[in-house]
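Asks: Sharing a structure, written as structure tokens. Questions coming.
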Amino acid sequence: YETYQLGAEAAYAVSGSPRALGAQTSVRTLPPPPTEDSWASDLDWTASRNGWGPVERDQSNGETGTGDGSPLKIGGVAYAKGLGTHAPAKIRYYLGGKCTSL
């Protein structure tokens, strides 16, 4: 997904004195929405925050590096798919209005 830099400049005069100002920002395009049923860990998110280290795909939250988690387990049962996070965590997806259940 692309990041674009946007800028604007304005020139004007106050009591005959020329002035100018400008501003810049960046914007990012959204990933395409899913076209079929998908696992959250298989989709690209638009933003994430995690209490410790990065959000992990299909593994538990490890330390501060990407991919340093362990297999996902809840109550001793292993799961192949899921997201590994540490509270407080937030993951945002663009689904294009196509989500019907979680």
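Numbers 13 to 114, taken from the working numbering, label the letters of the sequence shown in order. From the three backbone atoms N, C-alpha and C, an ideal C-beta is built for every residue, glycine too.
Please report the distance separating the alpha-carbon of G94 from that of S72.
Replies: C-alpha separation (whole angstroms): 8 Å.
Asks: Is it true that the region 100–107 meets the region 45–64, where meeting means three or more beta-carbon pairs spaced less than 8 Å apart?
Replies: Contact between the region 100–107 and the region 45–64 is present, because at least three Cβ pairs lie under 8 Å.
Asks: Taking S60 as part of the beta strand (DSSP E), name the residues at either end of that continuous run.
Replies: First-last of the beta strand (DSSP E) with S60: A59 to R61.
Asks: For the putative contact between T41 and E14, defined by C-beta atoms under 8 Å, what is the C-beta separation to the nearest angstrom?
Replies: Confirmed, Cβ separation roughly 5 Å.
Asks: On the three-state DSSP scale, how would you describe A35?
Replies: DSSP places A35 in strand when its eight states are reduced to three.
Asks: Given a threshold of 16 other Cβ atoms within 10 Å of its Cβ, counted over all protein chains shown, does P66 qualify as buried or as exposed?
Replies: Buried, since its Cβ has 16 or more Cβ neighbours within 10 Å.
Asks: Assign A90 to one of three DSSP states: helix, strand, or coil.
Replies: Here A90 sits in strand by DSSP.
Asks: Going by beta carbon distance, what residues of the same chain come within less than 7 Å of G108, once the five residues before and after it are set aside?
Replies: Cβ neighbours of G108 beyond the five flanking positions: P45.
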